[in-house]
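Residue numbers (the working numbering): 99 to 270.
Note that beta-carbon positions come from the ideal geometry of N, C-alpha and C, so glycine has one too.
Right, one structure below, let's go through it.
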């Protein structure tokens with residue numbers, strides 16, 4: 099663990115000089131460091147490096163971009179791993195907003211209506227992750243049937259997106 103962390107830190111220092119503090123290369127190193135820290139039970143700085151990655155990617159690529167989606171998805175994964183499902187659902191939902199150009203509704207109970215050209219495996223995964231986080235919220239408060247309903251609708255949307263995408267791939 100210590101060796102990999104030293105390597106990542108040296109890489110970050112090199113990238114800060116070579117590519118600058120606001121580059122996607124540096125953001126990628128921050129992302130690696132965050133999950134290395136998390137994987138080795140050193141969660142103190144994980145959220146800092148994940149949020150820093152998101153900030154850089156938003157500046158470099160804008161909010162409507164797959165790289166920004168990836169940073170938000172990573173934050174969702176982190177919050178899922180530490181069982182903060184409300185934060186996980188928030189980041190998964192906002193990740194979908196980054197992935198789908200016409201989807202700007204920050205209401206968790208809204209789901210995107212992607213166009214055919216927006217159908218891809220990242221969208222399927224993002225929907226499944228959102229549905230899973232919401233399902234876990236429901237498990238904490240089973241009186242919230244609205245959460246169970248939203249989770250099911252989101253899983254069904256993921257299934258539909260996958261089916262249409264898969265059919266398109268077979269015909270290409």
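CB of residue i within 8 Å of CB of residue j, strictly
i	j	result
residue 194	residue 188	no
residue 253	residue 222	no
residue 155	residue 132	no
residue 211	residue 190	no
residue 104	residue 158	no
residue 76	residue 220	This structure gives no information on residue 76, because the portion of the chain shown stretches from 99 to 270.
residue 136	residue 179	yes
residue 224	residue 197	yes
residue 255	residue 209	yes
Span of the alpha helix (DSSP H), counted from its first residue to its last, around residue i
i	result
residue 107	100–116
residue 161	Unbroken run through residue 161: none, as it is neither H nor E.
residue 142	Where residue 142 is concerned, there is no enclosing alpha helix (DSSP H), given that its DSSP letter is neither H nor E.
residue 130	122–137
is_contact[residue i, chain B] using C-beta, thresh 8 Å
i	result
residue 254	The structure shown contains no chain B; it holds only a single protein chain.
Residues near residue i in its chain [Cβ-Cβ closer than 8 Å; skip 5 each side]
i	result
residue 262	214, 217
residue 308	Residue 308 is absent from the model: the chain starts at 99 and stops at 270.
residue 204	191, 192, 195
Length of the line joining the Cα atoms of residue i and residue j
i	j	result
residue 248	residue 148	27 Å
residue 245	residue 152	27 Å
residue 168	residue 230	17 Å
residue 257	residue 175	20 Å
residue 264	residue 115	43 Å
residue 112	residue 206	40 Å
residue 107	residue 166	23 Å
residue 134	residue 238	29 Å
residue 145	residue 242	28 Å
Own chain, CB closer than 7 Å to residue i, minus 5 neighbours either side, in chain order
i	result
residue 185	177
residue 228	187, 190, 191, 194, 252
residue 143	135
Beta-carbon proximity list for residue i, same chain, < 6 Å, skipping 5 on both sides
i	result
residue 110	127
residue 199	162
residue 234	183
residue 259	217, 221, 222
heavy atom of the ligand SAM below 7 Å from residue i C-beta
i	result
residue 121	What this structure holds is no ligand at all, so the ligand SAM is not there to describe.
Exercise. What alpha helix (DSSP H) runs, 4 residues minimum, are completely inside the stretch 166–242?
Worked result: 183–197, 219–238
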